[in-house]
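Residue numbers (this note's numbering): 1206 to 1294.
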């Protein structure tokens, strides 16, 4: 049965998360000051590693377009604004 789960994420240029296969990311926001994503998942599916990157507004992108990226959302943490992308290989 599909369920919505919450995953805290780090503010790091590159990171990965293990999510159940076919997880669909629904939202990227902060909750109590912590960046999180919510995903619709089937908890019975096998876990797979998914790669993400975060960029601040005005930051250079050091990836040299090595991967295609899917935009997932934007959050504000105080004076900073962060943009989350999933790297698709």
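Note that CB positions come from ideal geometry on N, CA and C, so glycine has one too.
Residue of the options minimising C-alpha distance to residue i
i, options, result
"residue 1244", "1228, 1256, 1288", "1228"
"residue 1248", "1233, 1287, 1226", "1226"
"residue 1257", "1207, 1278, 1251, 1286", "1278"
"residue 1281", "1289, 1274, 1275", "1289"
"residue 1286", "1274, 1263, 1219", "1263"
Rounded C-alpha distance that separates residue i from residue j
i, j, result
"residue 1266", "residue 1236", "27 Å"
"residue 1216", "residue 1293", "19 Å"
"residue 1260", "residue 1283", "15 Å"
"residue 1255", "residue 1240", "17 Å"
"residue 1212", "residue 1234", "11 Å"
Where residue i falls, given that 16 or more other Cβ within 10 Å makes a residue buried
i, result
"residue 1209", "exposed"
"residue 1231", "exposed"
"residue 1253", "exposed"
**Request:** Identify every run of the beta strand (DSSP E) within the segment 1252 to 1284, keeping only runs that are complete inside it and at least 3 residues long; order them along the chain.
**Result:** Fully contained in the segment 1252 to 1284 are the following beta strand (DSSP E) runs of length 3 or more, in chain order: 1252 to 1261, 1273 to 1282.
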